[in-house]
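Peer 1: To convert, count from 1 in the sequence shown and add 443; that's this note's numbering. Glycine is no exception: its CB is placed at the ideal position from the N, C-alpha and C atoms. This is the structure I want to talk about, given as structure tokens.
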Amino acid sequence: MGFVERLFARRSNKARLAYGLRLLEDGEAVDGVAEISAVARAGVPEAQFRLGRAYLEGVGATRDLVEGARWMRRASEAGWLEAQLILANLYLAGLPDAVETDDFGLSDVSRATTRKPDYVKAAHWAREAAEAGSTDAQALYGYVLSTGPEGLRDVEAGLDWYRRAAENNSPQAHLGLGLAGMQTAGTPDELAEVIGHLRKAAEAGLGSALYLMGVFSERGSGVSQNLEAAAVYMEKAAEQNIRSAQARFGLMLIAGQGVKKNLARGETWLRRAALAGDIEAAALLGDMYARGGELPPNYLEAANWYHMAAAAGHAAAARALGLLHLTGAGVPRDQEEAARWFRIASESGDQSSSADLGNLILSGVGTEDDRLAMRARYEQAALNGDLVAAFNFGVCLAEGVGAERNDREAATWMRKAAEGVVNAQYWYGRMLLEGRGGVTDPVEGREWLRKAAEAGMVDAEVAYAQVLLEGRGGPSDHAAAAQMFERAAKRQNVHSMFALGAILGGGHNVPEDRTTAYEWFRKAAERGHPTAQLMMGRYLAFGLAGRSNIAEARRWYRKAEAQGVVQASAELSRLANLSNANSATHDNAAEKDSAEQGSETTPEGSDAASTGPARVLG
């Protein structure tokens, strides 16, 4: 535009504003804002609004929240409707204090300190625009009145403004009416009205409405259940950065619920939700990577997600992180760090973490303050009638954790806890059998062990089987002991595997079954039980289960010997002497071949009876 044209354009504020707007449209933003700024300073409301928006959007001027809001305030005070609506939204988001001054120099950092939302000023400017007929302002004013702080809140008035805006098809008003109705809908008709409002808001593309319609469609609440429709709603809401929708859509993809299963996409949406602050999504990602399955386990990744969720207060994630530190999976093995996360989870109410922390403290991890605090916490809860706490307090007294050891008091609390806590039944039963606490009562002790064993506690099954075998507190019952040992053995208790082999191997009041005994000895031996390894050597050396294998017998004897079983050394030497005797009467080549392949014949001259059957160890 030439000099003459610019000169004529500046003959009036109206012409100069139009000139500035035309420059903006032509891409000459800096020159356009300069023209608009001059008109704004002359007090023209539209120019003030346009200049405020230029600062807020960073078009033709440096982006500046303070300057932008100041000009919006000036335009609003002059009655410019659009400025009032924008200013109300800005106050809801929170504005720097400098906005309230009339110093229109460029803001600096010291003046740009943000503050909390100002509902009063937001309500004022929203009302001004609403009363002037702005549908969007009516919906915004309804929102402020419905959700604002006490003293400003007026729910009924808010609903009235929502209804006025909804009559003009405001999506935000329909969303507001839907949200409000969700709190009060008690009949199918009222729920249908709520869904009608939410559907209109969803059709307009509002993310929150899309998410809620997805929830209703998934649950079949107020509408027919339709998982495919739910997935569509959730995806659209997720794309609008509704993090709850991102998390839910991610889970739907992982499960193939309403949408084709896609683990990679599902993980991506969960990740987006977690990074947006959804701590449940972060915890779920931790679970996915810790457990593996269709996605390979990645404990380092799991630890990172658990840490994110735990740091934000997710108790279960804090416990999971503690377990990773306890085992050294994905993070350094560190019992102190495990205790720290268990403590955080426990303080958030996670009972399992309280037990985990207690177990660590009992093993010597943590500080004396930890032990004192744990004991005090358990004592107070026990006094309040918590039976689990009574058991834990009893353990503290029995082990001298956080206080002097006191078996008598420990037995008293164990007896109380035994009324409802299986672990306490086991402990109390053992205390009565051992005479800890000043009272020895094998009959009652045996009965408490029976209760705990029948409740499925493995340690109690083993202890009860032992008293049945020995006849403590009642008659001996080897058959019942074998059944109880078998229950524990099937749950991978190694001692019970050995004990069951010993009972079935002979010398007990049950039918001898050395074939089955051999299998149980083998299972125990493979898990490192030294006496079971000795028995494997005997069984294979002397064919006690119908087969022998000298080479394998030697291997088991050596394993037992390495674990300090003196008998293994003696029997290994005897086996060597037996082999030397046999070599004098057999062809050397045949002897070598037999040793390498494993003879299936019991060696002649062996004194199998001298080894005797295995006895259950106390």
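On the premise that residue 896 lies in contact with residue 912, defined as a C-beta separation below 8 Å, what is that separation, rounded to the nearest angstrom?
Peer 2: Between residue 912 and residue 896 the beta-carbon gap is near 13 Å, outside 8 Å, which marks them as no contact.
Peer 1: Which residue comes first and which comes last in the alpha helix (DSSP H) that contains residue 798?
Peer 2: DSSP places residue 798 inside the alpha helix (DSSP H), whose first and last residues are 794-805.
Peer 1: For residue 866, count neighbouring Cβ atoms within 10 angstroms of its own Cβ and tell me buried if that reaches 16, exposed if not.
Peer 2: Answer is buried; the Cβ neighbour count reaches 16.
Peer 1: Report the start-end ranges of each alpha helix (DSSP H) in the region 673-726 that is 4 residues or longer and not cut off at the edges.
Peer 2: List check, alpha helix (DSSP H) in window: 686-698, 706-718.
Peer 1: In this structure, how does DSSP classify residue 523 when only helix, strand and coil are distinguished?
Peer 2: coil
Peer 1: Taking C-alpha atoms, which residue in 986, 808, 801 lies nearest to residue 819?
Peer 2: 801
Peer 1: Give me the Cβ distance between residue 616 and residue 608, rounded to the nearest whole Å; I'm assuming they're in contact under 8 Å.
Peer 2: 3 Å
Peer 1: Would you call the region 823-833 and the region 843-850 in contact, with 3 or more CB pairs under 8 Å?
Peer 2: The region 823-833 makes no contact with the region 843-850, as fewer than three CB pairs between them are under 8 Å.
Peer 1: I'd like the list of long-range same chain contacts for residue 943, defined as Cβ closer than 7 Å, with 5 residues on each side in sequence excluded.
Peer 2: 925, 928, 929, 932, 963
Peer 1: Quick check on this structure: which residue in 470, 500, 514 has the alpha carbon closest to the alpha carbon of residue 486?
Peer 2: 514
Peer 1: Which residue marks the beginning of the alpha helix (DSSP H) containing residue 581, and which one marks its end?
Peer 2: 578-590
Peer 1: Between residue 976 and the rest of its own chain, which residues show a CB-CB distance below 6 Å, the 5 nearest in sequence each way excluded?
Peer 2: 968, 999, 1002, 1003
Peer 1: Ignoring anything shorter than 4 residues or poking outside the region 903-945, list the alpha helix (DSSP H) runs there in chain order.
Peer 2: 921-932
Peer 1: For residue 1053, collect the residues of the same chain with a Cβ closer than 8 Å to its Cβ; drop the 5 residues on either side in sequence, then sort them by chain order.
Peer 2: Annotation note: pLDDT 31 at residue 1053 (below 50); position unreliable, coordinate value reported separately. The answer is none, since no qualifying residue turns up.
Peer 1: Mark residue 1031 as exposed unless 16 or more other C-beta atoms lie within 10 angstroms of its C-beta, in which case mark it buried.
Peer 2: With a pLDDT of 46 at residue 1031, under the threshold of 50, the predicted position of this residue should be treated as unreliable, and no value is reported.
Peer 1: CA-CA distance, residue 458 and residue 481?
Peer 2: 12 Å
Peer 1: DSSP state of residue 538, grouped into three classes?
Peer 2: coil
Peer 1: Exposed or buried, what is residue 776 when buried is set at 16 or more other beta-carbons lying within 10 Å of its beta-carbon?
Peer 2: exposed
Peer 1: Here's the rule I'm using: 16 or more other beta-carbon atoms within 10 Å means buried, otherwise exposed. How should residue 612 be labelled?
Peer 2: Residue 612 should be labelled exposed.
Peer 1: Could you check the C-alpha separation between residue 637 and residue 654 for me, to the nearest Å?
Peer 2: Each residue's alpha carbon lies about 14 Å from the other.
Peer 1: I need the straight-line Cα distance from residue 980 to residue 940, nearest angstrom please.
Peer 2: 16 Å
Peer 1: What are the start and end residues of the alpha helix (DSSP H) that includes residue 747?
Peer 2: That run of the alpha helix (DSSP H) goes 742-754.
Peer 1: Quick one: grab the DSSP three-state call for residue 603.
Peer 2: helix
Peer 1: I need the straight-line Cα distance from residue 633 to residue 477, nearest angstrom please.
Peer 2: 55 Å
Peer 1: Since residue 875 contacts residue 915 with CB under 8 Å, what's their CB separation in whole angstroms?
Peer 2: Contact doesn't hold; Cβ gap of about 11 Å is too wide.
Peer 1: Look at the alpha carbon of residue 814 and the alpha carbon of residue 682, and state the distance between them as a whole number of angstroms.
Peer 2: 50 Å
Peer 1: What did DSSP end up calling residue 777 once you bin it into helix, strand or coil?
Peer 2: Per DSSP, reduced to three states, the secondary structure at residue 777 is coil, with no helix or strand assignment.
Peer 1: If you reduce the DSSP assignment to three classes, tell me which class residue 614 lands in.
Peer 2: helix
Peer 1: At what residues does the alpha helix (DSSP H) containing residue 990 begin and finish?
Peer 2: Per DSSP, residue 990 belongs to no alpha helix (DSSP H) and is neither H nor E.
Peer 1: Closest by CA to residue 658, which one among 675, 741, 861?
Peer 2: 675
Peer 1: Within a Cβ cutoff of 7 Å, which residues of the same chain sit near residue 525, ignoring the five residues on either side of it in sequence?
Peer 2: 492
Peer 1: Using a Cβ-Cβ cut-off of 6 Å (strictly less than) and excluding sequence neighbours within five positions of residue 857, which residues of its own chain qualify?
Peer 2: 837, 867, 870, 871
Peer 1: Please state if the CB of residue 475 and the CB of residue 503 are separated by a distance shorter than 8 Å.
Peer 2: Going by C-beta atoms, residue 503 is nearer than 8 Å to residue 475.
Peer 1: For residue 692, which residues of its own chain have a beta-carbon under 6 Å away from its beta-carbon, when the five flanking residues on both sides are left out?
Peer 2: Excluding sequence neighbours, residue 692 sits near 677, 678, 681, 712.
Peer 1: Rounded to whole angstroms, what's the CA-CA distance from residue 835 to residue 641? Just pull it up for me.
Peer 2: 51 Å
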